[in-house]
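Trainee: Respectively, the protein sequence lines represent chains A and B. Residue numbering for the first sequence follows numbering that gives the first Met the number 0, beginning at 0 and increasing consecutively. Residue numbering for the second sequence follows numbering that gives the first Met the number 0, beginning at 0 and increasing consecutively.
Number of protein chains: 2
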Amino acid sequence: MTIHTHQTAPTQFVEANGIRFAYRRFGKRGGVPLVFNQHFTGTIDHWDPAVTDGFAKDREVILFNNAGVSSSSGEVPTTFEKMGANAVAFIKALGLTKVDVLGFSISGFVAQEITLQAPDLVRRLVLVGTGPRGGEGMATRMPEAQQIFGATYDPPDEIWLSVHFTRSNASQAAGREFLKRFRRRTENRDPQVNEKVAPAQTEAIGKWGAPRESPFEYLKSIRQPTLVVNGGKDVIIYSVNSFILQQNLPNAQLILYPDASHGSQYQYPELFVAHVSMFLDA
Amino acid sequence: MTIHTHQTAPTQFVEANGIRFAYRRFGKRGGVPLVFNQHFTGTIDHWDPAVTDGFAKDREVILFNNAGVSSSSGEVPTTFEKMGANAVAFIKALGLTKVDVLGFSISGFVAQEITLQAPDLVRRLVLVGTGPRGGEGMATRMPEAQQIFGATYDPPDEIWLSVHFTRSNASQAAGREFLKRFRRRTENRDPQVNEKVAPAQTEAIGKWGAPRESPFEYLKSIRQPTLVVNGGKDVIIYSVNSFILQQNLPNAQLILYPDASHGSQYQYPELFVAHVSMFLDA
Chain A
0 MTIHTHQTAP TQFVEANGIR FAYRRFGKRG GVPLVFNQHF TGTIDHWDPA
50 VTDGFAKDRE VILFNNAGVS SSSGEVPTTF EKMGANAVAF IKALGLTKVD
100 VLGFSISGFV AQEITLQAPD LVRRLVLVGT GPRGGEGMAT RMPEAQQIFG
150 ATYDPPDEIW LSVHFTRSNA SQAAGREFLK RFRRRTENRD PQVNEKVAPA
200 QTEAIGKWGA PRESPFEYLK SIRQPTLVVN GGKDVIIYSV NSFILQQNLP
250 NAQLILYPDA SHGSQYQYPE LFVAHVSMFL DA
Chain B
0 MTIHTHQTAP TQFVEANGIR FAYRRFGKRG GVPLVFNQHF TGTIDHWDPA
50 VTDGFAKDRE VILFNNAGVS SSSGEVPTTF EKMGANAVAF IKALGLTKVD
100 VLGFSISGFV AQEITLQAPD LVRRLVLVGT GPRGGEGMAT RMPEAQQIFG
150 ATYDPPDEIW LSVHFTRSNA SQAAGREFLK RFRRRTENRD PQVNEKVAPA
200 QTEAIGKWGA PRESPFEYLK SIRQPTLVVN GGKDVIIYSV NSFILQQNLP
250 NAQLILYPDA SHGSQYQYPE LFVAHVSMFL DA
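(1) Does B/A281 get closer than 9 angstroms to chain A when you measure Cβ to Cβ?
(2) Look up A/N168 in the DSSP assignment and say whether it is helix, strand or coil.
(3) Output, in sequence order along the chain, the residues in the segment 229-246 of chain A whose CB is closer than 7 angstroms to any CB in chain B.
(4) Specify the secondary structure class of B/A228 as computed by DSSP and reduced to three states.
(5) In chain B, which residues lie less than 9 angstroms from A/A66 when you measure between Cβ atoms?
(6) Roughly how many whole angstroms lie between the Cα atoms of B/P164 and A/V68?
(7) From the DSSP output, in three-state form, read off A/N85 for me.
(8) Where does B/I2 sit, in a helix, a strand or coil, going by DSSP?
(9) Assess contact between the segment 143-159 of chain B and the segment 213-227 of chain B, defined as three or more Cβ pairs (one per stretch) separated by less than 8 angstroms. Is contact present?
(10) Enumerate in chain order the residues of its own chain whose CB-to-CB distance from A/A197 is below 7 angstroms, with the five nearest sequence positions on each side excluded.
(11) Which bits of chain A does B/N250 rub up against, with CB to CB less than 8 angstroms?
(12) Beta carbon of A/S170, beta carbon of A/D258: below 9 angstroms?
(13) Indicate whether at least one CB of chain A lies closer than 9 angstroms to the CB of B/L62.
(14) Using the C-alpha atoms, what's the distance from A/E143 back to A/H261?
(15) Using a Cβ-Cβ cutoff of less than 8 angstroms, which residues in the same chain neighbour A/R316 once the five nearest sequence positions on both sides are dropped?
(16) Buried or exposed: where does B/G94 fall if 16 or more other Cβ atoms within 10 Å of its Cβ makes it buried?
(17) Go ahead and label B/Q245 buried or exposed: buried means 16 or more other beta carbons lie within 10 angstroms of its beta carbon, across all protein chains shown.
(18) When you compare the CB positions of B/V50 and B/P190, do they come within less than 9 angstroms of one another, or not?
(19) Could you please give the first and the last residue of the uninterrupted beta strand (DSSP E) stretch that includes B/V98?
(20) Beta-carbon separation of A/Y152 and A/F89 under 9 angstroms?
(21) So A/P282 and A/H5 are supposed to be a Cβ contact under 8 angstroms. How far apart are they, rounded?
(22) Pick helix, strand or coil for B/Q223, following the three-state DSSP scheme.
(23) Verify the CB distance criterion: does A/L253 have a CB-CB separation below 9 angstroms to chain B?
(24) Smallest Cα separation from A/K97: which of A/A281, A/I113, A/G53, A/Y265?
(25) Hey, would you say A/Q111 sits closer than 9 angstroms to A/A84, going by beta carbons?
(26) Using beta carbons (cut-off 9 angstroms, strictly below), is B/H274 in contact with chain A?
(27) Looking at the strands, I want to know which residues DSSP matches up with A/Y256.
(28) Taking beta-carbon pairs under 7 angstroms, can you tell me which members of the segment 136-148 of chain B lie near chain A?
(29) Rank B/V87, B/R122, B/V13 by C-alpha distance to the C-alpha of B/F278 and give the top, closest one.
(30) Taking the Cβ atom as the reference point for each residue, do A/F108 and A/M82 lie within a distance shorter than 9 angstroms?
(31) Helix, strand or coil for A/I235? Go by DSSP, reduced to three states.
(32) Which whole-angstrom value is the C-beta distance of B/I236 and B/F215, which I expect to be below 8 angstroms?
(33) Just to check my reading of the structure: B/F35 and B/V60 have Cβ atoms closer than 8 angstroms, yes? What is that Cβ distance to the nearest angstrom?
(34) Which stretch, first to last residue, makes up the beta strand (DSSP E) that contains B/E59?
(35) Determine the DSSP secondary structure at B/F108, reduced to helix, strand or coil.
(36) Would you kindly report the start and end of the unbroken beta strand (DSSP E) that includes B/V13?
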C-alpha cells in the first residue's frame, strides 16, 4: 500500500448535494479524521505541508474544496450557512459519522456552521485565525487588510507573506520558508479559483460580520471542546475576536502566538501541530 | 543521594538583604532552574504537588517564601518593586546566574519586577493568573473577590475552592482533588503567614493596580520569551488582563483554559506542565 503525503495524495472526487467535491485524504487511519476548511480564495494546495503532514503522522487528514472552489463543481454560496451545509454534505458523502473539524479564517465560520448544523458529526473543533458572527472589525475589511489585498505581488503568491505574517524580520523569514513548502507540490496541483469566488465569499463575509444584537449568544450552542488559535497580531481578523470566541464558547481553550499575524500556524507549524494534537488527543 | 519531591524536600535557608529566606529545591539538576513566586498570603506549601513534581521530572524547581512570609524573616514590603528586589537578592544568594521565573497571581507582579530589575538573570518568564500594572479591575477587589475573601470557610483551606476554581461541577471536582494533593504534605509544613502579611500585600496591590497614563508601556521592556496562562473565567484578576499582557509584551504566548478561574494550573495540572515545559524547552 502506498503511504501518501501532502505531496503525493491524489485528488479524489465525491458527489453530494449535486456538487462534485474535490478532496485529498491521507495519513494514519483508524482514528477520527481531521477535516480542513480553507481560507478566502484558497484551494487544497493552500495548506502548509508542515502542518498537514505533521498531523498525518498520527491521524487521517482530509483536505477539500467547498462548492464552487477550484476543482469542485457548483457555485460558492453567498452565506456561510450554505457553505456549512455543503461541507456537511461532503463529510457525510465520504461515509463518515464522526470527524474533528479545523477551520481557518473565513472557513472558521464554515467550521462553526458545520458544528451548529450537524453537532453529532463533530467531535472536536479547531478555530484558527477566525472570529464570531458580528465580531470586532469583521463587517468590512479593516485598513490593514484593504492595503494588503489592494496591492499587487510578483510572484502573486507572495501576497501570503503579507496576509499570514507580520512585518518583523523573524516573521517574514518564517513566511519565506512557508512559501517554499507551499510551492513544493508541482504535480496535479489544484487550479486557481475562478473570478466568481472572491465576490461571493466577500458577500458572505459582509453578512457574517455585520453587527447585530447579542452577537455572541449563538456560541453557547457549540458544546464541543474547541481550541481557538491565532497570532497575537492578526490584521485580517483582529486577534481580539479569538479572545471573544474563547470567552463565549462554553468549552474553549485559547492559544495566541507571539509576533504572529493571520497565519500563525504557518509561522510555528511544529508547535501548532503539537498543541492541536494534545488538544485532539485529550 | 536522596531524590527529593514536593513531599520530602527539606526547608532550607539562605541570607540576603538582611533577610533569612526559606526555600525548597528539588528535581532534576543540570538545566535552568524554575523559580516559583507565590500568591496572596500563600507559602511554600500552597503549591500543587502535581505541578511542582510534574516540572521536577525534567528540571530543578525552587519554591521560596519572599521576605516576611511564613518561615522567611523580615517584613512584607508595601510595593511589588521591593518584593521584586528581595526576590532578585534571594536568587542571587543561591549563586544562580540564570533562571526561569514563574509568578502566580500577585507574584506575577513580582515576576515582572524581577525581570525588569535583573533582565540578565531571567531566561524565560511564565505569568499565571496575573495582570499588568493598572490592568482592568485591578485597583481594588472586584465584587466576586470581595465576596470570596469576605466569607468564612470550614476547614479554612476550602477558600481555595472558591479562589482557584469556577462554580461548575467539573471545576469544583477538580478543586477537591487539588485540596487532597495540597494537604498531602504533613511533616515540616510551612507555618501560616502572620497577621501583617495580608495588609502589606493588599497595600502593594492597590499601588500596582492603580490606573495611570499609558499603563502598559513598561511591558515593552520585558524582552524575555513569556508564556501567559490563565483560566478563561478568572474572577480574582480578570482574564482580560492576561490578553492585555500578551498584546503588550513583545514576545508572549497566551494560553487560556476553559471553565477555569484563577488557579487554572491546578485544574489542568498535567496539561499545564506539558504546555509550560514545551515553552521552556523551545
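Yeah, the Cβ is synthetic: ideal placement off N, Cα and C, and Gly gets one too. Only a predicted model underlies this, so the values are computations on that prediction, with no experimental measurement involved.
Mentor: In short:
(1) The sequence position of residue 281 of chain B within the second sequence is 282, counting from 1. Chain A has a Cβ within less than 9 angstroms of the Cβ of B/A281.
(2) Residue mapping note: residue 168 of chain A aligns to position 169 of the first sequence, counting from 1. Helix, per DSSP.
(3) G231, F242, Q245, Q246
(4) Numbered from its first residue, the second sequence carries residue 228 of chain B at position 229. For clarity, residue 228 of chain B is Val in the given sequence; the question names Ala instead. DSSP places B/V228 in strand when its eight states are reduced to three.
(5) If you number the first sequence from 1, residue 66 of chain A lands on position 67. None at all; the shortest Cβ gap to chain B is about 33 angstroms.
(6) Along the second sequence, one-based indexing puts residue 164 of chain B at 165. Along the first sequence, one-based indexing puts residue 68 of chain A at 69. A small fix is needed here, since residue 164 of chain B is Phe in this sequence, not Pro. Spanning the two alpha carbons is a distance of roughly 46 angstroms.
(7) Within the first sequence, numbered from 1, the residue matching residue 85 of chain A stands at position 86. The answer is helix: DSSP assigns A/N85 an H, G or I state.
(8) Taking the first residue of the second sequence as position 1, residue 2 of chain B is located at position 3. DSSP places B/I2 in coil when its eight states are reduced to three.
(9) no
(10) As a working note, residue 197 of chain A is residue 198 in the first sequence. So the list reads T40, once near-sequence residues are dropped.
(11) As a working note, residue 250 of chain B is residue 251 in the second sequence. By Cβ distance, chain A contributes P257, D258.
(12) Here residue 170 of chain A refers to the residue found at position 171 when the first sequence is read from its first residue. Here residue 258 of chain A refers to the residue found at position 259 when the first sequence is read from its first residue. Yes, Cβ-Cβ distance for A/S170 and A/D258 is below 9 angstroms.
(13) Taking the second sequence and counting its residues from 1, the one referred to as residue 62 of chain B is at position 63. No - not a single Cβ of chain A is within 9 angstroms of the one on B/L62.
(14) By 1-based counting over the first sequence, the position of residue 261 of chain A is 262. By 1-based counting over the first sequence, the position of residue 143 of chain A is 144. Whole-angstrom Cα-Cα distance: 12 angstroms.
(15) No statement about residue 316 of chain A is possible, as the shown extent of chain A runs from 0 to 281 and does not include it.
(16) Residue 94 of chain B sits at position 95 when you count from the first residue of the second sequence. Per the 10 Å Cβ criterion, exposed.
(17) The residue you call residue 245 of chain B lines up with position 246 of the second sequence. Flag for B/Q245 reads buried.
(18) Mapped onto the second sequence, residue 50 of chain B falls at position 51. Mapped onto the second sequence, residue 190 of chain B falls at position 191. Against a cut-off of 9 angstroms, the Cβ pair of B/P190 and B/V50 comes out as no contact.
(19) Against the second sequence, residue 98 of chain B aligns to sequence position 99. Run containing B/V98: 98-103, per the beta strand (DSSP E) assignment.
(20) Taking the first residue of the first sequence as position 1, residue 152 of chain A is located at position 153. Taking the first residue of the first sequence as position 1, residue 89 of chain A is located at position 90. Their beta carbons are not under 9 angstroms apart, which means A/Y152 does not touch A/F89 by this criterion.
(21) A question about residue 282 of chain A goes unanswered here, because the residues of chain A that appear run from 0 up to 281.
(22) Walking along the second sequence from the start, residue 223 of chain B turns up at place 224. Here B/Q223 sits in coil by DSSP.
(23) Translated into positions along the first sequence, residue 253 of chain A becomes position 254. Closer than 9 angstroms: yes.
(24) Taking the first sequence and counting its residues from 1, one reaches residue 97 of chain A at position 98. The residue with the shortest Cα to Cα distance from A/K97 is A/I113.
(25) Here residue 111 of chain A is taken as the residue at index 112 of the first sequence, counted from 1. Here residue 84 of chain A is taken as the residue at index 85 of the first sequence, counted from 1. Not in contact: A/Q111 and A/A84 (Cβ atoms no closer than 9 angstroms).
(26) Taking the second sequence and counting its residues from 1, one reaches residue 274 of chain B at position 275. B/H274 counts as touching chain A.
(27) In the first sequence, residue 256 of chain A corresponds to position 257, counting from 1. A/Y256 is bridged to A/G230.
(28) none
(29) Mapped onto the second sequence, residue 278 of chain B falls at position 279. The candidate whose alpha carbon is nearest that of B/F278 is B/R122.
(30) As a position in the first sequence, residue 108 of chain A is number 109, starting the count at 1. As a position in the first sequence, residue 82 of chain A is number 83, starting the count at 1. Yes, the pair counts as a contact, with Cβ atoms nearer than the cut-off.
(31) Numbered from its first residue, the first sequence carries residue 235 of chain A at position 236. In the structure shown, A/I235 sits in coil (DSSP, three-state: anything other than H, G, I, E or B).
(32) Within the second sequence, numbered from 1, the residue matching residue 236 of chain B stands at position 237. Within the second sequence, numbered from 1, the residue matching residue 215 of chain B stands at position 216. About 15 angstroms; that fails the 8 angstroms criterion.
(33) What you label residue 35 of chain B is simply residue 36 of the second sequence in a count that begins at 1. What you label residue 60 of chain B is simply residue 61 of the second sequence in a count that begins at 1. Rounded, the Cβ-Cβ distance is 7 angstroms, consistent with contact.
(34) Along the second sequence, one-based indexing puts residue 59 of chain B at 60. Looking at the DSSP string, the run of the beta strand (DSSP E) that includes B/E59 is 59-63.
(35) By 1-based counting over the second sequence, the position of residue 108 of chain B is 109. Looking at B/F108 - three-state DSSP - the assignment turns out to be helix.
(36) Taking the first residue of the second sequence as 1, we reach residue 13 of chain B at position 14. Element bounds for B/V13: 11-15.
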